[in-house]
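**Student:**
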Amino acid sequence: AKKNKKKDDSRRTRVRAKTREPVWAEAFAFEHVDGRVDDARNTSALLLELYDKDLVTSDDALAQLVLPLASLPKAREGDRVASPVEHEWRVHSKNRRVAGELNLMCFWEDRRKTKLCVRVMRARNVKAADVGGTSDPYVVGTLRAGT
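Right, dumping it as structure tokens:
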């Protein structure tokens with residue numbers, strides 16, 4: 013019998029060329045999220061990954077940020093709770109050292125916590141991944157289903 017595994021849901025920002033201080037100011041929403049995020053056993057999370065776009069080879073994974081859905085505030089756009097917050101990127105390795113900052117707004121649009129709004133504002137101190145000392149960064153946001 014096949015297991016019915018829930019697929020992860022992803023969104024992506026545009027690529028910002030030749031910069032280590034990208035500004036996106038892009039928003040996306042995840043609809044129909046499992047509303048049981050307040051359950052302590054629920055391990056659902058928002059994974060934000062920073063990549064450098066490469067034309068010839070595969071894109072380079074530069075850093076990531078994991079936000080447990082239970083930690084995100086209930087708010088409406090314009091509330092103080094829905095203000096941009098600086099988060100530290102972490103490198104994709106065992107030492108998880110800081111790899112720059114991400115400025116982001118992330119909040120629940122509704123009381124039942126089924127619509128998650130994510131606004132990726134900007135990043136700072138992005139790793140230089142290209143020969144010219146810059147990167148062509150973009151962010152992928154993935155809603156990872158938990159238990």
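In terms of our numbering, the sequence shown opens at residue 13 and continues consecutively.
From the three backbone atoms N, C-alpha and C, an ideal C-beta is built for every residue, glycine too.
Are the beta-carbon atoms of Thr25 and Val151 separated by less than 8 angstroms?
**Tutor:** In the sequence shown, residue 25 corresponds to position 13, counting from 1. In the sequence shown, residue 151 corresponds to position 139, counting from 1. Contact flag set, yes.
**Student:** Span of the beta strand (DSSP E) holding Asn158?
**Tutor:** Mapped onto the sequence shown, residue 158 falls at position 146. Residue identity check: residue 158 is Gly in the sequence provided, not Asn. Note, Gly158: premise wrong, no beta strand (DSSP E); not H, not E.
**Student:** How would you call Arg83, buried or exposed, if buried means at least 16 neighbouring beta carbons within 10 angstroms?
**Tutor:** If you number the sequence shown from 1, residue 83 lands on position 71. The residue asked about is misnamed: residue 83 is Ser in this sequence, not Arg. Per the 10 Å Cβ criterion, exposed.
**Student:** When we look at the beta-carbon of Thr69 and count the other beta-carbons within 10 Å, is it buried (16 or more) or exposed?
**Tutor:** Position 57 of the sequence shown, counted from the first residue, corresponds to residue 69. By the 10 Å Cβ count, Thr69 comes out exposed.
**Student:** Of the choices Phe40, Pro149 and Val45, whose alpha-carbon is the least far from that of Ala73?
**Tutor:** Within the sequence shown, the letter at position 61 stands for residue 73. Taking only the C-alpha atoms, the option nearest Ala73 is Pro149.
**Student:** Given a threshold of 16 other Cβ atoms within 10 Å of its Cβ, counted over all protein chains shown, does Tyr63 qualify as buried or as exposed?
**Tutor:** Locating residue 63 in the sequence shown gives position 51, counting from the first residue. Buried, by the Cβ-count rule.
**Student:** Could you tell me the boundaries of the beta strand (DSSP E) in which Leu67 lies?
**Tutor:** On the sequence shown, residue 67 is found 55 positions in, with the first residue counted as 1. Premise fails: Leu67 is in no beta strand (DSSP E) and is neither H nor E.
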